[in-house]
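Numbering (the working numbering), first residue to last: 7 to 129.
Only one structure is covered here, and it is reproduced in the block below.
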Amino acid sequence: MNTYKALALILMLIPISSMGSEKQANTTDEQHDKYLEHRAAWEKMLKERYDKELKHNPPKPPWIKFPDYHPSEIFWRMGDGESYINDYVFTYFKYASKAEINAYKIKYPEPADWRGTYKRFEH
């Protein structure tokens, strides 16, 4: 994998949840509080998605769900690809047990172009 493809894959897999919750400059306390409320509501929704849907029906890995897209394509950093990874795959890896994740990895081995993806999902 060349350097640009590797960098694109790394950037694609940085979860939005890794963004800090510290108050940004030029942000009022009210704006920051609303951001934190929104973030908490979003996390609650994702946990409910896991409990009601993903725990019993894990998401397909991105290379199976969208087989026509190479991991270095912009598709994975905006739009449907990014949403699928962040809202389904990352959510599954965040809440699933180690045993469930290991079974998932055995069922869906990483193709060569996607090697290292699971390690990034297990943030």
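We treat Cβ as the ideally placed atom computed from N, Cα and C, and that holds for glycine.
All values reported here derive from a predicted model rather than from experimental measurement.
Practice prompt. Alpha carbon to alpha carbon, how far is P64 from A31? Give it in angstroms, no decimals.
Written response: 39 Å
Item to complete: Could you give the DSSP three-state label for M51: helix, strand or coil?
Response: helix
Worksheet item: To which residues of the same chain is K111 closer than 7 Å at the C-beta, ignoring the five residues directly before and after it?
Response: Y124
Worksheet item: Considering only residues of the same chain and omitting the five flanking positions on each side of Y56, which have a CB-CB separation below 6 Å?
Response: T97 and Y101
Fill in: Span of the alpha helix (DSSP H), counted from its first residue to its last, around P68
P68 to K71
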